[in-house]
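S.K.: Protein chains in written order, with the working numbering: chain F, 1 to 354; chain E, 1001 to 1354; chain H, 2001 to 2324; chain U, 3001 to 3324. No residue lacks a Cβ here, since even glycine has one placed at the ideal position from N, Cα and C. Small disclaimer: the values here were computed from a predicted structure and weren't measured.
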Amino acid sequence: MSLSDIADDASMVQLVAPDGSAVGDVDVGLGEEDLQALLRLMVRARRLDTECLALQRQGELTVYPPFEGQEAAQVGSAFALGPEDMVFPSFRELAAAITRGVDAVTYLEYHRGTWHGGPYDPVATGFAPICVPVATQIVHAVGWALGAKLDGRAACALAYFGDGSASEGDFHEAANLAGVFGVPAVLFCQNNAWAISVPLEEQAAAPIAARAAGYGFPGLRVDGNDVLAVYSVTRAAVERARTGDGPTLIEAMTYRVGPHSTADDATRYRTDEEVAAWRARDPIDRFVRFLSARGVADEGFVERCRGEADAWVDEVRAELTALGPPPSAELFDHAFSSPPATLARQREELLGDG
Amino acid sequence: MSLSDIADDASMVQLVAPDGSAVGDVDVGLGEEDLQALLRLMVRARRLDTECLALQRQGELTVYPPFEGQEAAQVGSAFALGPEDMVFPSFRELAAAITRGVDAVTYLEYHRGTWHGGPYDPVATGFAPICVPVATQIVHAVGWALGAKLDGRAACALAYFGDGSASEGDFHEAANLAGVFGVPAVLFCQNNAWAISVPLEEQAAAPIAARAAGYGFPGLRVDGNDVLAVYSVTRAAVERARTGDGPTLIEAMTYRVGPHSTADDATRYRTDEEVAAWRARDPIDRFVRFLSARGVADEGFVERCRGEADAWVDEVRAELTALGPPPSAELFDHAFSSPPATLARQREELLGDG
Amino acid sequence: MAEVTMVTALNRALRDALENDPRTLVFGQDVGALGGVFRVTEGLQRDFGRERVFNTPIAEAGIAGMCVGLAMAGWRPIAEMQFDGFSYPALDQVISHLAKYRTRTRGRVPMPVVIRIPSFGGIKGKEHHGESPETYYAHTAGLKVVVPADALDAYRLLRLSIEDPDPVIFLEPKSRYWPKTTGELTTDGPGIGRARSLRQGESCVLVGYGAMVAKCLEAADHLADDGVECAVIDLRSLVPLDVETIGGAVRDVGRAVVVHEAPLTLGMGAEIAARIMEEAFDNLQAPVARVTGPDVPYPPASLEAEYLPSVERIVEAVRRTVAY
Amino acid sequence: MAEVTMVTALNRALRDALENDPRTLVFGQDVGALGGVFRVTEGLQRDFGRERVFNTPIAEAGIAGMCVGLAMAGWRPIAEMQFDGFSYPALDQVISHLAKYRTRTRGRVPMPVVIRIPSFGGIKGKEHHGESPETYYAHTAGLKVVVPADALDAYRLLRLSIEDPDPVIFLEPKSRYWPKTTGELTTDGPGIGRARSLRQGESCVLVGYGAMVAKCLEAADHLADDGVECAVIDLRSLVPLDVETIGGAVRDVGRAVVVHEAPLTLGMGAEIAARIMEEAFDNLQAPVARVTGPDVPYPPASLEAEYLPSVERIVEAVRRTVAY
Ligand SMILES: Cc1ncc(C[n+]2csc(CCOP(=O)(O)OP(=O)(O)O)c2C)c(N)n1
Ligand SMILES: Cc1ncc(C[n+]2csc(CCOP(=O)(O)OP(=O)(O)O)c2C)c(N)n1
Ligand SMILES: [Mg+2]
Ligand SMILES: [Mg+2]
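In structure tokens:
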């Protein structure tokens, strides 16, 4: 899927053009403060992402998967959710996490290697553990959504996954189960054109959104670099879910501007031209142009956002780099609610304590 | 999916109506002999299926899955294949097997419990082993088709699977791989309305054929009890595959008139009325009406078919019931090309020989 | 003290759990109107409704994965995989998530999930219907694995598994579904993690589980006729393993034979033998013998008898061990 | 005699196989332009074309299942699963088909398939990137399972695996990918099914495989300083298992310690300990000790050192065993 294909995809929902001009009904029910909040979150996210790359280089984080370019897709969609909803992320959703209010330092324990994908409280934050085996989390989202439906709660599960993840059997089983049980779930695909080095055309022969028809629920494509469009389609899908009308599949067309991870060398499989073309569609620049044109955010406001983000990230860095490894005992503490005798003995042998 | 839904499904390909009258272009390129062959095969298949139920009751077969009602779907599709093609069946495709020329007695070794799903020669017969884990065989078909494509052979793989099987992740991975690699494969779903006791509406929220669009290749529904329609759509899909245009998904709407297997009690989950309504759409009666109306098969011919089938089935029964268990040595002979020392020792301990 | 089979006892356990705990759910392929292919869930949908007891599409990974999400939402899922051989498509969800979720979340998100799997051979089933999957589960850290040997213990173990805060893989020996017993259905008695000594004897200790327990007892009776007295231990719980009971018994007797249907290599017999060596080395008079299925795929019905451990093979192994 | 790493040796093995046998195919996630996340397939697509070396979508069951179909069509697939923890979605295709197909077809349809899996821990990877999956495969009858310990043997074992008529699960110890050795890349030497004795010693036999072999050798050096001489055996082939070599060595020495990263319960150590008891009971002076990962999920990077068998733990176990 080349950039031009996406640019001309008439069926793709877009409200704000790359130049910041409105091309659709931009009155998506958000007041000035919300609009400013969206920008503030994207700026923070971008700033944190940059910092994480630095922290990784400095040995403060293990392998890190940057999300630069996908801020609108993540912030716009997560912003459409309420505290009663539950997000089932993959491994690149740090921007969505901070939008949900997950503490950045705690989240980054995962990338620091001091704990696995669930260092924060998933239930309290409404943000499930970081999930590495791609597409498996979509099934969890459907199970959670079924549970919410059985409870009669007007709550919705939103699962993030990538274009490559959608090739897994678990994507299909989750989507089919969601359709059959009519659960309140949003299947949110961030199509960022690449799965590590595998381009979209080697991953799927049709749009991911086109699969929804086969499951009996709506599917649509949205400009993933248009935060307003992402917000509005997600908002509609969430409403639909909460009111009992069932699941929706959203394919957000975006791009991973950075490498797959700090261990990746993207120059091996894609051109600088391609990356440059996508930088020109930068989601933050676009939204800044849009907001300033409407007088919702002037230069000063953007500067303040950047300043706040810098200050915040400094705190995050300070707290994070102070984090030591967990006590060895934690190796044994969590596998079972109470350690069986055989495990207690292994613990004793290894740690020499009771 | 109720019968009426299917009856009114305008998008469903149908050439011959249940009353035997032509409702589409019935000139599908088959001469009289071929048309007679189709009927002869369906009659034989039906007769063999009935005999197998008897053999099972008499303890000559283990659990047996009858296919009554699905003769047209299996015979019509298998008849569209050539010797260069390869079928990847599930576990209910005995009618397709005899259409491919697989020896019935050898095939039935599987149901007799004297061997697993591959008692016949899969490569020589162009019929892969009986496959029990549902949907897994679709992936094998795609792999085989990729191999044929790499060889530059104008050959096609046809995978049979059921409506329930299509809920498995393997269906999706196979279909997506087929689309991405553009392999010569036909994904042939026999939608017989039930997966053991689970009705279609608890299995999927949309037609199975509607999924093809999400994989970038055509999908269509055909009246699975109309042997001419099944033949013609399959033939077209096979041609398409052989000429390098890629895969096709066919959903044949049919019905399992008998129980899921001889171990099943279908009265627990469906009504006699439903079964009766489908008996009225019997594929053999329909084709007999069609052929006699055109003077291709008169009473006498049909009688001869029945007579031949009886005689043939008597031979099958005689040979089958004479089959003893395989030598114990076969327990060890096939796991590896040459048994490792550790296994040879187990063989010695168990069989007392070298 | 009604007459029960393992099927009716399991049905009662599910029924009692559904009654006592409104958060329990029962689902899987054909568990609704049909009552499951083995009728273990018979009548449950009728009595508890389609919200608590429901069919699923044929999607084992989906079934296991939904258990994770449902547990997160505060439910206690009791899922059925239709057969041993069809539990494999769910292995990734079980290994990567069900077993790891509690650890991943530092104990914040427990997984009170039970996955029931009709298992093992001996019913002349087709390919994939006679698998012994216990090693795949027992080796996976974070799971508990139990196998009842009779109807009364099946009731007890299933109730305890459903109440357990950790994920439990519940393997049901199909070939023991139908024998009748009489007795009281109760959760009193040995819990998960405890083995049962079913017979005392000073010549040799027989260790088995599931359908092999009855064969061990039968072998013990044969041997007793010639004055060879065997102790028989029903493992019940493969994880956690009751090392104390096994080790103690072998320390007293000095000889042991382990029996299972699964292939020899890395079957439970390997772990039991290794533990016995660790626990009772100084008392061991003979190597621990393993009577198991050979290292080949489970055979077709007509070779099943050759494959499965027989009373004769167990008796022989005991004689060799005692004579060692 | 060029300088090689395990990565370059494996790359050479694939290259030589692709050159010598036109029926071989290499595929998996990112094996094309990227050359695999570990660069094992570097340059192969460029040199052998997109038909022989190609990327696949992210579908492990699909990859394994396609191997079955391709083998049936007369090809010799060499597939890569990107990491140990991501080989699990393919378990059903591997257990239900790859391992059983030959038996199912009475030997008519062999499965000359190699599935390469970068495996084991020690690289401070994220969750699911440090799994030791060997038990799942070694317990599955019909599969061969090999694990190279160094670059030269990696070349030999991979070439032999590709030529093998049976399906081979090829587990690559990631943590040993990068150490350099010099030596000739050749298929001469021990075949699949043979273990290697890397060191002689009459105090104790150390048995390991993969990355643990280097640790065993290091431990043996430490112990030698105090006059405790250990024999070291590199298993190489988990299935078939070289019972003769292991049994013979322990019969001579009377003491053994088995080392692996996988969790204790039903790890290879259980099978090795059981076999040693069967093979060398009369000569055994002490119980076979197992130095392994504990029965918990593989930990995050910062606890990896506590989890993995260390030279210290091996040394300790040997001392205990020798002093027994
Ligand atoms: C089941 C599984 N297989 C393989 C991997 C290794 N892997 C990690 S990320 C990735 C690519 C994912 O691509 P996509 O879904 O498009 O997400 P993106 O990385 O583009 O955000 C792969 C193959 C994995 N994590 N899980
Ligand atoms: C992976 C797997 N799960 C479960 C089963 C048990 N099973 C055998 S047949 C069947 C129903 C299949 O329904 P469908 O695909 O519609 O085929 P039909 O039986 O109707 O021909 C099930 C669930 C199986 N064979 N494989
Ligand atoms: Mg992507
Ligand atoms: Mg069906």
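Output yes if chain H places a C-beta closer than 8 Å to the C-beta of residue 1196 of chain E; else output no.
M.R.: Residue 1196 of chain E counts as touching chain H.
S.K.: Please go through the stretch 2228 to 2271 of chain H and give each complete beta strand (DSSP E) segment of 3 or more residues, from N-terminal end onward.
M.R.: The qualifying runs are 2230 to 2234, 2237 to 2239, 2256 to 2263.
S.K.: Would you check whether ligand 3 has a heavy atom nearer than 7 Å to the C-beta of residue 1272 of chain E?
M.R.: Not under cutoff, so the answer is no.
S.K.: Looking at residue 3145 of chain U: is its Cβ nearer than 8 Å to the Cβ of residue 3138 of chain U?
M.R.: Their beta carbons are under 8 Å apart, which means residue 3145 of chain U touches residue 3138 of chain U by this criterion.
S.K.: Hey, how far is the Cα of residue 2042 of chain H from the Cα of residue 1170 of chain E?
M.R.: Approximately 30 Å between the Cα atoms of the pair.
S.K.: What span of residues does the beta strand (DSSP E) with residue 2027 of chain H cover, start to end?
M.R.: Looking at the DSSP string, the run of the beta strand (DSSP E) that includes residue 2027 of chain H is 2024 to 2028.
S.K.: For residue 1354 of chain E, is the classification buried or exposed, using 16 other Cβ atoms within 10 angstroms of its Cβ as the cut-off for buried?
M.R.: Residue placement at residue 1354 of chain E cannot be trusted, given a pLDDT of 46 that sits under 50; what the coordinates show is reported in the next sentence. Exposed, by the Cβ-count rule.
S.K.: Starting from the beta carbon of residue 2290 of chain H, find every residue of chain U whose beta carbon is closer than 9 Å, and list them in chain order.
M.R.: Within 9 Å Cβ-Cβ: 3274, 3278.
S.K.: Please report how far the alpha carbon of residue 140 of chain F lies from the alpha carbon of residue 246 of chain F, in whole angstroms.
M.R.: Rounded to the nearest angstrom, the two C-alpha atoms are 16 Å apart.
S.K.: By the 10 Å Cβ neighbour count, where 16 or more other Cβ atoms means buried, how is residue 2020 of chain H classified, buried or exposed?
M.R.: Exposed, because fewer than 16 other Cβ atoms sit within 10 Å of the Cβ of residue 2020 of chain H.
S.K.: Is residue 1194 of chain E near ligand 4 - that is, is its Cβ less than 7 Å away from at least one heavy atom of it?
M.R.: Flag set: Cβ of residue 1194 of chain E near ligand 4.
S.K.: Using a threshold of 7 Å, is the CB atom of residue 3058 of chain U nearer than that to any non-hydrogen atom of ligand 1?
M.R.: Yes, ligand 1 has a heavy atom inside 7 Å of this Cβ.
S.K.: Can you list the beta strand (DSSP E) stretches of 3 or more residues lying completely in the stretch 131 to 185 of chain F, in chain order?
M.R.: With a minimum length of 3 residues, the continuous beta strand (DSSP E) runs that stay inside the stretch 131 to 185 of chain F are 157 to 162.
S.K.: Could you check whether the Cβ of residue 23 of chain F sits closer than 7 Å to any heavy atom belonging to ligand 6?
M.R.: By its list of ligands, the structure shown excludes ligand 6, since it contains just ligand 1, ligand 2, ligand 3 and ligand 4.
S.K.: Quick one: does the C-beta of residue 1163 of chain E sit closer than 7 Å to a heavy atom of ligand 4?
M.R.: Yes, since a heavy atom of ligand 4 falls inside the 7 Å radius drawn around the Cβ of residue 1163 of chain E.
S.K.: Would you report the Cα separation of residue 3206 of chain U and residue 270 of chain F, rounded to the nearest angstrom?
M.R.: If you take the alpha carbons of residue 3206 of chain U and residue 270 of chain F, they lie about 48 Å apart.
S.K.: Counting Cβ pairs closer than 8 Å, one from the stretch 222 to 236 of chain F and one from the stretch 295 to 303 of chain F, do we hit at least three?
M.R.: No, the stretch 222 to 236 of chain F does not touch the stretch 295 to 303 of chain F.
S.K.: Alpha carbons only, please: which of U:3316, U:3038, U:3172 is nearest the one belonging to residue 3120 of chain U?
M.R.: Looking at the Cα atoms, U:3172 is the closest of the given residues.
S.K.: Return helix, strand or coil for residue 2045 of chain H, following the three-state DSSP convention.
M.R.: Residue 2045 of chain H: helix per DSSP, three-state reduction.
S.K.: Buried or exposed, going by whether 16 or more other CB atoms sit within 10 Å of the CB of residue 2103 of chain H?
M.R.: When all chains shown are included, residue 2103 of chain H counts as buried.
S.K.: Note down, in chain order, every chain E residue with its Cβ under 8 Å from the Cβ of residue 2177 of chain H.
M.R.: Within chain E, no residue comes near residue 2177 of chain H; the closest Cβ sits about 13 Å away, beyond 8 Å.
S.K.: Contact check, residue 2003 of chain H vs residue 2180 of chain H under 8 Å by CB: the rounded distance?
M.R.: Sure, about 5 Å apart at Cβ, within 8 Å.
S.K.: Does residue 354 of chain F come within less than 8 Å of chain E when only Cβ atoms are used?
M.R.: Any answer about residue 354 of chain F is weak, because its pLDDT of 46 lies below 50 and its placement is not dependable; what the coordinates show is given next. Taking Cβ atoms only, chain E never reaches closer than 8 Å to residue 354 of chain F, which makes this a no.
S.K.: Can a CB atom of chain U be found closer than 8 Å to the CB of residue 1321 of chain E?
M.R.: It does not; no Cβ of chain U falls within 8 Å.
S.K.: Check whether the Cβ of residue 213 of chain F lies closer than 8 Å to any Cβ atom in chain E.
M.R.: Yes, residue 213 of chain F lies at the interface with chain E (some Cβ there is under 8 Å from its Cβ).
S.K.: Determine the chain H residues that contact residue 3035 of chain U at a beta-carbon separation under 7 Å, and present them in chain order.
M.R.: Near residue 3035 of chain U there are no residues of chain H at all, since even the closest Cβ is about 26 Å away, more than 7 Å.
S.K.: Where does residue 3323 of chain U sit, in a helix, a strand or coil, going by DSSP?
M.R.: Reduced to three states, the DSSP call for residue 3323 of chain U is helix.
S.K.: Taking a cut of 7 Å between CB atoms, which residues from the stretch 2070 to 2095 of chain H lie near chain U?
M.R.: So the list reads 2085, 2088, 2089, 2091, 2092, 2095, given in the order they occur along the chain.
S.K.: Between residue 3142 of chain U and chain E, is there a C-beta pair that is closer than 8 Å?
M.R.: At least one chain E Cβ lies under 8 Å of residue 3142 of chain U.
S.K.: Alpha carbon to alpha carbon, how far is residue 352 of chain F from residue 326 of chain F?
M.R.: Their Cα atoms are separated by approximately 17 Å.
S.K.: Cβ-heavy atom distance between residue 116 of chain F and ligand 1 below 7 Å?
M.R.: Flag unset: Cβ of residue 116 of chain F not near ligand 1.
S.K.: Can you tell me where the beta strand (DSSP E) holding residue 1040 of chain E begins and where it ends?
M.R.: Here residue 1040 of chain E belongs to no beta strand (DSSP E); instead the alpha helix (DSSP H) covers 1032 to 1057.
S.K.: Tell me whether residue 2017 of chain H sits in a helix, a strand or coil according to DSSP, three-state version.
M.R.: Here residue 2017 of chain H sits in helix by DSSP.
S.K.: Give the C-beta separation of residue 3086 of chain U and residue 133 of chain F to the nearest angstrom, bearing in mind that I take them to be a contact with Cβ-Cβ under 8 Å.
M.R.: Confirmed, Cβ separation roughly 6 Å.
S.K.: Using alpha carbons as the reference points, say which of E:1100, E:1092, E:1290, E:1073 lies closest to residue 1019 of chain E.
M.R.: If we check each option's Cα against that of residue 1019 of chain E, E:1290 comes out closest.
S.K.: Would you say residue 3273 of chain U and residue 2277 of chain H are within 8 Å of each other, going by their C-beta atoms?
M.R.: In this structure, residue 2277 of chain H lies closer than 8 Å to residue 3273 of chain U by Cβ.
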